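Visitor:
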Amino acid sequence: MALHLIIGGAGFIGSHLADALIARGDRVRVLDDLSTGKRGNLPRGAEFIEGDVVNVCTGRAASLLELLVALERVCGRTADRRFGPERPGDFRLSLGAPSKATALLGLKATRRLDQGLAATLGLDEVARAA
Ligand SMILES: NC(=O)c1ccc[n+]([C@@H]2O[C@H](COP(=O)([O-])OP(=O)(O)OC[C@H]3O[C@@H](n4cnc5c(N)ncnc54)[C@H](O)[C@@H]3O)[C@@H](O)[C@H]2O)c1
Numbered sequence: 009m010a011l012h013l014i015i016g017g018a019g020f021i022g023s024h025l026a027d028a029l030i031a032r033g034d035r036v037r038v039l040d041d042l043s044t045g046k047r048g049n050l051p052r053g054a055e056f057i058e059g060d061v062v063n064v065c066t067g068r069a070a071s072l073l074e075l076l077v078a079l080e081r082v083c084g085r086t087a088d089r090r091f092g093p094e095r096p097g098d099f100r101l102s103l104g105a106p107s108k109a110t111a112l113l114g115l116k117a118t119r120r121l122d123q124g125l126a127a128t129l130g131l132d133e134v135a136r137a138a
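Here the sequence shown is numbered in my numbering, starting from 9 and rising by one per residue.
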């Protein structure tokens, strides 16, 4: 039986997702800080953990192309790039807000995107050289 973790599962979308997964026989664990969600939204059978999720990020915006270039640098190879017309719903920039991580945990970004990617991929020697 599959076990799913739904962050924000006491909210509108997450609780409907939890309903659907439980209805098909899967296990669901919900992590939610109840900032806008409610315990009453949780489907019967869902495990609940009250807690916060924080963004560990720099707070600087990155385009998909910048992410690709950083990944190429970290992996030491170039990707086969194809550029097409913009589609509805395309993301221009990815941007996280680090304020909660800083307030709750005192975390501040000290690594650039490529250094963080290298560390995440376990390529720490690349991160140190970058
Ligand atoms: N409802 C829509 O029609 C719709 C459409 C497009 C996009 N969205 C986006 O999808 C996301 C979910 O929408 P929703 O309508 O379910 O919102 P919601 O407020 O009902 O649910 C969000 C849930 O996340 C929880 N939460 C928020 N911050 C948290 C944190 N740091 N740690 C743990 N739990 C946290 C809240 O308590 C809440 O239960 C939102 O980002 C919303 O902008 C919603």
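Beta carbons are placed, not taken as given, at the ideal position from N, Cα and C, and that holds for glycine.
This one's a predicted model, so the numbers in the text were calculated from it and none came from an experiment.
Could you check if G22 is buried or exposed, using at least 16 other CB atoms within 10 Å of its CB as the buried criterion?
Guide: Counted from its first residue, the sequence shown places residue 22 at position 14. Under this definition G22 is a buried residue.
Visitor: What do you reckon, are the CB atoms on L125 and A78 nearer than 8 Å?
Guide: Here residue 125 refers to the residue found at position 117 when the sequence shown is read from its first residue. Here residue 78 refers to the residue found at position 70 when the sequence shown is read from its first residue. L125 places its beta carbon less than 8 Å from that of A78.
Visitor: May I ask whether a heavy atom of ligand 1 can be found less than 7 Å away from the beta carbon of T44?
Guide: On the sequence shown, residue 44 is found 36 positions in, with the first residue counted as 1. Within the cutoff, so yes.
Visitor: CB-CB under 7 Å to V82, same chain, minus the five flanking residues each way: which ones, in chain order?
Guide: Taking the sequence shown and counting its residues from 1, the one referred to as residue 82 is at position 74. Taken in chain order, the residues that qualify are D122, L125, A126, L129, L131, V134.
Visitor: Counting along the chain, where does the alpha helix (DSSP H) carrying E74 start and finish?
Guide: Numbered from its first residue, the sequence shown carries residue 74 at position 66. Element bounds for E74: 72-83.
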